[in-house]
Amino acid sequence: MLTNIPSQLKGLTEEALKLSREKYGYNVITEADKGRWIDILLDVVKEPMMLLLMAVTVIYTIVGDYNEALFMFVSLLAISAISFYQDNRSKKALKALEKLNEPLSKVIRNAEILEVPTHELAVGDLCVVEEGRLINADGSIVHSNDFSVNESSLTGESFSVFKSSESADNAVYSGTIVLSGLAIFEVKKIGKESRIGKIGLSIKDIEEEKSPLHIQITKFIRSMAIIGIVIFLMVCIVNYYHTHDIIHSLLNGLTLAMSILPEEIPVAFTTFMALGAWKLMREGVIIKRSSIVETLGSTTVICSDKTGTITQNTMQLKMIWSYPSCRTYEKEEYRNPDVSDIIMHAMWSSEPVPFDPMEKSLHQVYEQSQTIDQREMFQMIHEYPLGGNPPMMTHIYEDKNGQRIISAKGAPEAILAVSNLTENEKGEIKKQVNTLAAQGYRILAVGKSKWEGSNFPEAQQDFVFLFLGLLAFEDLPKEDIQQVFSQIHDAGIQLKVITGDYTDTTRAIAKQAGIINYTSAISGEELMQQSEEDLMQTVEERTLFTRMFPDAKLAVVKALKKKGEIVTMLGDGVNDSPALKAAHIGVAMGNKGTEIAKAAADLVITNDYLGKLIIGIAAGRRIYANIKKAIQYIISIHIPIILIVALPLFFGWVYPEIFTPLHVIFLELVMGPTCSIVYENEPMDKNTMYQPPRPMTDTFFKWTELTLSILQGLIITLGMLFIYQYSVNHGGSEAHTRTMVFITLIFSNIFLSFANRSFYYSIIESFKKYNPLLIGINVLVLGSLFVFLYFPPATSFFMLTSLGLSDIGITFGVAAVSVLWFELYKWIKRLTEKRGHINT
């Protein structure tokens, strides 16, 4: 992070910013507002159910049934209002997520460093970018050190381009990525005028990929729609055959079409996903695509980087091992002359303006331990950025008298490879490296060299270095990390640690963090030498993957995906971004994660606490389970509506028109909120996070589940048909029979909404889960029922009649039996599972 600004760089003043904003506008490529209320309203009106309602309203108006037409029109408004509310709520949630996903840009204004939303960047701003950041405007470099970018988003060439204020090409472009170093550039073009804006690249234009669940639900709805059209035509033909009344036949056909069409399902799916993402946002988990929530619940393997993800990424220098004296020095001994040379060269080999935690720590130790601060006396004249495998970096400084400093630091293997030591000496140092690594420290080696003249070698490995010693950095595991990993294990999810650090260091941290099977490790070099078959076996068996580089991390993720695992990758650095992008779900750290990691990820944890991922996985599982409950409820309650409309007509019963569009629409008004609002608010079952992940290859409904829902619907239908025949056999009029059947269906709906809260626990156990919306909607339904029965205008309008207590008791009892048999099924299921556990 930039802590001191070069004195000549002041940035825009408030007045200059205002003038720039007036002339050039904001840094946005498109200003179209896709969430306007008129657009949402038009989407609602175009829904099939809305079109059916409009058709019925028109027919009633044509035949002069104005009361029915008015009711249908009011119903049209009510259903539109509910749909509009749900869509608007979803859009607002997604808009809030989009706003949170907008990256911040660091600028210098009035000689101060500020972080501003990227859309507020202005022409003339001095923008600060560093390793791992996305560049968000076009400009020219005014200050830099060790600065390189990847411009593949513009050129298609994926390699590093080094630039500075003195280079022939000192321009930077929006959409490119900083690979190393730091730069300050003056913004020249923003928004549509930037290079990326002109070629029309915008993340908003990328179409969201539909999840497997979304595809399955869409197919299901399409199938139901086709069935609806077929039965609609059948009803129209049969009815016309009996009555020769085209208007009457159309009304009956439309009544059945409305009862078949499961328009609540797509509304529920969109609502569940959008509100699930919004609720996670409030927990500090930012979801970039709402469909990710469902996939998150199916995670089978979590691949986690170590530094900054499992550990705190504080990187405090814990001790120094000096090669000349062959001893270790603790913090209180850093002023000892024996380690002065190591500290000095470690600092010189770091960036002059440090942004890496280790380099910040080295600058701090230098300030505290050196009697004379020489940083102002020397200027960097040449640099070799971090490179090689394993990596190292070299900086060359010179003062005004020509005195030169050449310093390098990097992985111990890299520095040892370019040092002037014998193999025996290198072997002794490697033993020391292993000793420190086994204690959980992250190790860097430091060296120095000499060179006369200005004709520097092309590669830093061409220098011969004097080995100075080792630096041991302490990076402790995060608090409560053991509890987090325990929850991951309990949820049946595998954990893999993929890190660039030493095996011994990783093993020590893994042990401290409570990772199971922490002794099983393999290095990136070994991994990449394996055949595809061996690689597939390795990623299944091993837990720790160490000394990993980007290609090796990517290979692990791809191999796990090929094995059919649902992979969630956690990381925060530039080298994690390929694996983050390749995983089913990439998770970046919000505080200490680089911008490139956040850009590659699907999910960002704002406070870097890994426990938030468990909340996300639990939310994904809860949402998936609740969507299933909602859709199973819709299937079960639609079946009796369809059959009670169709069977009396097809079989020529005495009262063929038990339900009219008025009754079906009232039921739709009940089912819509129950499906999309009530079940969305349903807490998850207490055993949810102790179940293995759901395979993504599974269809949305197994045949057993679909059969169960159909069976629920058929038994409710039998109950209603029993009431129908009971009323007819006891001399009931059409109004009395209709009322008995209608009330039975209402009571069945209420029982079903409670029974289907869990397909495992009893209805009594489910009452322990707090869901006030479920109570609220059913109280409203019972209130409406009382009005329909005992308020004469409503009773007459709905063609019902008042019932006595005995009739209400019969309908209540039949409804209870029609639904609550399901409690016996759940009891047998629990009993069978318990016996299974005892036997195993």
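Each residue of the sequence shown is one higher than the last, beginning at 44 in my numbering.
Backbone N, C-alpha and C define an ideal beta-carbon position, used for all residues, glycine too.
Distance between W696 and N821, taken at the CA atoms: about 32 Å.
The shortest CA-to-CA distance from M612 to any of L623, Q475, G659 is the one to L623.
Take the alpha-carbon of Y372 and the one of L487: they are about 15 Å apart. Counting the other CB atoms within 10 Å of its CB gives S849 a total below 16, which places it among the exposed residues. Counting along the chain, the unbroken alpha helix (DSSP H) around S404 starts and ends at 400–412. The beta-carbon separation of T586 and L538, rounded to 7 Å, stays under the 8 Å limit for a contact. Cβ-Cβ distances below 8 Å link E866 to A798, S805, I806 in the same chain, with the five nearest sequence neighbours on each side left out; the list follows chain order. In the DSSP assignment, no residue is bridged to Y767. Non-local beta-carbon contacts of K672 in its own chain, meaning distances under 6 Å to residues more than five positions away in sequence, involve Y722, N799 in chain order. Judged by DSSP in its simplified three-state form, V281 adopts helix. Rounded to whole angstroms, the gap between the alpha carbons of M401 and V204 is 25 Å. Here DSSP, grouped into helix, strand and coil, assigns S341 to coil.
Distance from the Cα of I789 is smallest, within the candidate group Q755, V824, I818, T780, for V824.
Taking L570 as the centre and dropping the five residues before and after it, the same chain places the C-beta of A595 closer than 6 Å to its C-beta, in chain order.
For R878, the number of other beta carbons within 10 angstroms of its own is below 16, and it is reported as exposed. Checking the DSSP bridge columns, you'll see D518 has no partner listed.
Per DSSP, reduced to three states, the secondary structure at W321 is helical. When DSSP states are grouped into helix, strand and coil, A226 belongs to the strand group. Nearest to Y676 by C-alpha distance, out of D651, E711, A644, A165, is E711. Across the structure, H186 and S208 are spaced so that their CA atoms are roughly 6 Å apart.
Rounded to whole angstroms, the gap between the alpha carbons of D728 and S801 is 7 Å. Excluding its 5 nearest sequence neighbours in each direction, Q525 has C-beta neighbours in its own chain below 7 Å: A556, G557, listed in chain order.
The three-state reading of DSSP puts D577 in helix, counting H, G and I together. The three-state reading of DSSP puts K745 in coil, since its state is none of H, G, I, E or B.
Rounded to whole angstroms, the Cβ separation of E426 and D189 is 5 Å, and the two are in contact under 8 Å. Between M783 and I766, the C-beta gap is smaller than 8 Å, which places the two residues in contact.
Excluding the 5 residues flanking it on each side, V862 has same chain C-beta neighbours closer than 6 Å at S791, F794, L795, A798, in chain order. In the DSSP assignment, Y440 falls within the unbroken beta strand (DSSP E) covering 435–441.
When DSSP states are grouped into helix, strand and coil, P428 belongs to the strand group. Under DSSP, K672 shares a beta bridge with no residue. Counting along the chain, P815 sits inside the alpha helix (DSSP H) bounded by residues 815–833. Residues F831, L832, T844, S845 of the same chain have their beta carbon placed closer than 7 Å to that of T838, with the five preceding and five following residues left out of the count.
By alpha-carbon distance to A662, the top candidate from S404, W746, A320 is A320.
I353 counts as buried, since at least 16 other C-beta atoms from the protein chains shown sit within 10 angstroms of its C-beta.
Linking L578 to I670 through their CA atoms gives a straight-line distance of about 37 Å. Shown here, G614 sits in a strand according to DSSP, grouped into three states.
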